[in-house]
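In what follows, a structure is listed as structure tokens, so that the remarks can point back to it.
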Amino acid sequence: MIILSVESTCDETAVAIVKDGREVLADIIFSQADLHAVYGGVVPEIASRGHVEVIYRLADRAIEEAGIEKKDIDAVACSYAPGLIGAVLVGVNFAKSVAAALGVPLIPVHHIRGHIAANYLAYPELCPPFLCLAISGGNSLIVDVKDYTDMEIMGATRDDAAGECFDKTARVLGLGYPGGKPVDELSRTGDDTKYVFPVSKAGDNPYDMSFSGLKTAVINLIHNAEQAGKELDKPSLCASFSKAVSDSLVPKAVKAAKERGRSILVAAGGVAANSRIRADLEKAARENGLKLYVPPLKLCGDNGAMVGSQGYYEYLAGNTAGSDLNAYATMQL
Ligand code: KG4
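When you number the sequence shown by the working numbering, it's gap-free, plus one each residue, and the end is 1768.
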């Protein structure tokens, strides 16, 4: 089954062609990061307009690159939640139009389910059940993936997402947007014990997370140093900060896997590209006898192929939509 899939929930416009949920025939991504960098974060209106301007061309390129014709497309999938509402609407309406024009089914895909499915593209042997740590710019979740379309959220952030925390730290340090990558790069030469940041406990649920206290601690430290005219050791600050984020995530994910009796631990989302988190996950998985799957870097961030992969399994489960499909800014997994 060949699916044309569309992703437009934030500042990446992406269209892919995916076969049987596992084989990527084309995956075209246009990042708007440069457009937003000047503002230090994503400007929703600019994002929506940016998607409108390129989505048609990306679809044509994907079809050409996949070496198929429009008549070969069996279904159209799109991320329909969660995300910036105007941005998501562009992808949903484009997908609806293509599905109607070709007379093929339309498949709505939850964006985070897509991030999880990115792993199916990289690891043919990977099948549910497994425990997933899904960490992106807007979400931080610990998910028990019971089956391809049956998932339970065991824990979530109570406030900011891990990615937001990286982006804010980078902004205050003057490292630009998006900030995860430069913070990660700088942290590699730093001493992670030099600064001590809080690893918060978030209420009664042992799997919930909180990043707002960490964000405030980093910002206060930087501002206090500036006011006192003190030079900060930026690499060590980034290393200590990354350690605190990782310590807030990795032990919880491992504990959740053990509680549910899952032998497989999976990471997903843009923040899963972080080298400290990847290293800590590897160590923790090894120590706890868990098999670990972490997406290759190119499948961590937003892409269309992950939507095509999850779309295939949603289709098999009968989850298709009509032309009244709407976009949603928030939605349970
Ligand atoms: O999954 P994604 O592309 O978009 C969402 O669905 O939200 O995630 C984007 C987030 C941004 O916050 C970005 O700074 C972060 O992922 N990110 C990283 C790294 N690369 C991207 N965070 C930490 N370390 C990285 N290497």
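For every residue, glycine included, the Cβ atom is placed at its ideal position computed from N, Cα and C.
Since residue i sits in a beta bridge, which residues does DSSP pair it with?
i	result
L1727	L1700
P1543	C1513
I1498	Answer is none; I1498 lacks a bridge partner.
F1465	T1448
V1459	V1453
M1586	V1580
A1591	L1576
S1440	A1451 and A1512
A1756	L1541
Going by the CB atoms, is the gap between residue j and residue i shorter than 9 Å?
i	j	result
G1475	Y1612	yes
D1446	V1477	yes
L1760	H1545	no
L1716	L1727	yes
A1637	M1644	yes
G1614	R1606	yes
V1701	L1566	yes
Y1642	K1690	yes
A1660	R1711	no
G1746	G1456	yes
V1539	I1508	yes
P1543	T1755	yes
L1556	E1442	no
P1730	N1574	no
K1505	S1758	no
I1699	L1561	yes
L1672	L1608	yes
P1633	A1679	yes
I think residue i touches residue j, with their Cβ atoms under 8 Å apart; what is that distance to the nearest whole Å?
i	j	result
F1646	T1592	6 Å
L1541	V1511	6 Å
V1453	G1743	3 Å
I1490	I1437	That belief does not hold up - the Cβ atoms of I1490 and I1437 are roughly 19 Å apart, past 8 Å.
A1762	A1516	7 Å
K1687	I1577	6 Å
L1621	P1670	5 Å
L1493	T1448	6 Å
P1564	R1697	6 Å
T1624	S1514	Not quite, the Cβ-Cβ distance comes to about 36 Å (not below 8 Å), so this is no contact.
L1725	A1703	Rounded, the Cβ-Cβ distance is 15 Å, inconsistent with contact.
A1451	S1440	5 Å
E1602	S1677	Checking the sequence, you will find Asp at residue 1602 rather than Glu. Rounded, the Cβ-Cβ distance is 13 Å, inconsistent with contact.
L1656	S1635	No, L1656 and S1635 are not in contact; Cβ-Cβ is about 16 Å, not under 8 Å.
N1640	G1590	6 Å
Flag this pair as touching only if the stretch 1513 to 1526 and the stretch 1483 to 1490 have three or more C-beta atom pairs under 8 Å; answer yes or no. yes
Using 8 Å as the cut-off, can you tell me whether the stretch 1680 to 1687 makes contact with the stretch 1659 to 1671, which would need three or more C-beta pairs spanning the two stretches below that distance? no
Residues surrounding ligand 2 [beta-carbon distance to nearest heavy atom under 7 Å]: In the structure shown, ligand 2 is absent; the only ligands present are ligand 1.
Counting beta carbon pairs with one atom in the stretch 1701 to 1713 and one in the stretch 1538 to 1551, are three or more of them shorter than 8 Å? yes
For the stretch 1524 to 1583, which segments carrying the alpha helix (DSSP H) assignment without a break, of at least 4 residues, lie completely within its bounds, in sequence order? 1546 to 1557
Within 8 Å, do at least three Cβ pairs link the stretch 1449 to 1462 to the stretch 1731 to 1739? yes
Can you confirm whether the stretch 1625 to 1634 touches the stretch 1579 to 1598 when touching is taken to mean that 3 or more C-beta pairs between the two stretches lie within less than 8 Å? no
Run through the stretch 1614 to 1685 for me and flag every whole alpha helix (DSSP H) of 4 or more residues, listed as ranges in chain order. 1615 to 1622 and 1647 to 1662
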